[in-house]
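Each remark here refers to the structure printed beneath this line.
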Amino acid sequence: MTYDYREAVKDDVLEYINNEINFEDFDTLEELEEHLNEVLFTEDSVTGNASGSYTFNTYEAEENICHNLDLLGEALEEFGSGADYSITHGAEAADVTIRCYLLGECIAAALEEIEDDFNEAHEGEEDEEE
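The sequence shown maps to residues 0 to 129 in numbering that gives the first Met the number 0.
Now the structure itself:
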C-alpha cells in the first residue's frame, strides 16, 4: 500500500489547528495560513523538521517513502539537494524532506476544509462591529 503523504500531512495540519489554534486570534484565513507556514515547518507533529524525524522509526520512514520516490525526487530538487541526500542522511530525513516539501500545499487544503468553521467563528465579530 502506498503511503499518502498529502493526506497524512493535511490530517496533521488539521489536528494541529484543532488543538493549538484559536480562530479568533487571526483576522483572515490568509493570516492564519502565513502563521501555519511559519510555525509548522519546524513542528515535529507535522513535519518532523525540528528533531530530524517525524516517525522516530527508520523502518516506518522507509515504508513511507518506498512507493514515493518520485515525490522524494521532487522535494530534493526543490530544496536543491542531490539524490545522495537520502543515502547520506537516511530514510527519516528523506521522510521529513517530503513532509516539508508538501507543507504549503497541505496547509492550503486543510484551510479549505475548515474555511466555514473559521468564518463562523468570525460572524459574531461582524455583528459586534456594526
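Cβ coordinates follow ideal geometry from the N, Cα and C atoms, glycine included.
Member of the options whose CA lies at the smallest distance from the CA of residue i
i   : options               : result
E42 : D24, V12, L70 and T87 : V12
D3  : D69, I113 and F78     : D69
E19 : T27, E6, H34 and D26  : H34
D94 : T27, L28, G47 and K9  : G47
M0  : C99, V8 and E59       : E59
V8  : T87, F40 and E29      : F40
R5  : G81, I86 and N67      : N67
Spatial neighbours of residue i in its chain, beta-carbon cut-off 6 Å, leaving aside the 5 residues before and after
i    : result
S50  : D43
D126 : Any answer about D126 is weak, because its pLDDT of 49 lies below 50 and its placement is not dependable; what the coordinates show is given next. None.
H121 : none
T96  : A74
Y100 : A74 and E77
Neighbourhood of residue i by C-beta, 7 Å cutoff - its chain only, sequence neighbours within 5 removed
i   : result
D24 : none
T57 : G89, A90 and E91
CB-CB length for residue i against residue j, believed under 8 Å
i    : j   : result
A107 : E61 : Incorrect: roughly 28 Å between the Cβ atoms, too far for contact.
L110 : N36 : Contact doesn't hold; Cβ gap of about 11 Å is too wide.
V45  : R98 : 7 Å
Same chain, Cβ closer than 8 Å to residue i, five either side skipped, listed in chain order
i    : result
E128 : Confidence at E128 is low in this model, with a pLDDT of 49, below 50, so the placement of that residue should be treated as unreliable; the coordinate-derived value is given next. Correct list: empty, nothing qualifies.
T54  : G47, A60, N63, E91 and D94
- For the region 53-82, list the beta strand (DSSP E) runs that are entirely contained and at least 3 residues long, ordered along the chain. None, since the region 53-82 contains no complete beta strand (DSSP E) of that length.
- Item | Three or more C-beta pairs below 8 Å linking the region 68-87 and the region 108-121 | Inter-segment contact for the region 68-87 and the region 108-121 is absent: fewer than three beta-carbon pairs are separated by less than 8 Å.
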